[in-house]
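Here the structure is laid out as structure tokens; the discussion comes afterwards.
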Amino acid sequence: MLIGELSRRTGVSRRLLRYYEAQGLLDTKRGSNGYRYYEEDAVVTVRQVRGLLKAGLSTEVIRSVLPCARGERPDFEWCAELWDILNGELAAMDERIDGLQRSRGRLADFLTRS
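Sequence positions in the sequence shown follow my numbering and run 9 to 122.
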């Protein structure tokens, strides 16, 4: 399918699809006319990427876990190192949340003192 059809079927802009390709998240082939052609499974891949982005993963991390993703949700086939990668991402997210909570507390203190 062409990029326009993939965009329509997934609700993802053409520009973002090209970005996913550049990040190594989406495979494409080029025709002799230079157009991008996507296989049918690209629809599922784009939905997996979107789901993983919503979970707060970077495109770099998604590139490493995408081969283990199954289905549109996605679910995972627990490949080697996948547990460690996702556990590390969760720990990093917890640290960011803790930092934001500390900052919020400081800001709230300023407001209560006024």
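Yeah, the Cβ is synthetic: ideal placement off N, Cα and C, and Gly gets one too. Note that the structure is predicted; figures quoted are calculated from it, not measured.
Assigned secondary structure, residue i (DSSP; H/G/I helix, E/B strand, else coil)
i    : result
L10  : strand
Y137 : Past the boundaries of the shown model lies residue 137; the chain is included only from 9 to 122, so the question cannot be answered.
D106 : helix
D83  : strand
A63  : coil
A50  : helix
A189 : One cannot answer for residue 189 here, as it falls past the ends of the chain, which runs 9 to 122.
Candidates the options, of which the one nearest residue i by Cα
i   : options                 : result
W91 : S72, R16 and Q109       : S72
D83 : T53, I105, E29 and R110 : T53
L61 : R112, E47, E80 and E48  : E80
Cβ-Cβ separation, residue j to residue i (assumed contact under 8 Å), whole Å
i   : j   : result
V51 : R78 : That belief does not hold up - the Cβ atoms of V51 and R78 are roughly 14 Å apart, past 8 Å.
L24 : Y46 : Rounded, the Cβ-Cβ distance is 14 Å, inconsistent with contact.
Proximity test, Cβ basis, 9 Å: residue i and chain C
i    : result
D102 : Judged by its chain identifiers, the structure shown contains no chain C, having just a single protein chain.
Buried versus exposed call for residue i [16 or more other C-beta atoms within 10 Å across all chains shown]
i    : result
R44  : buried
I70  : buried
R110 : exposed
I105 : exposed
L10  : exposed
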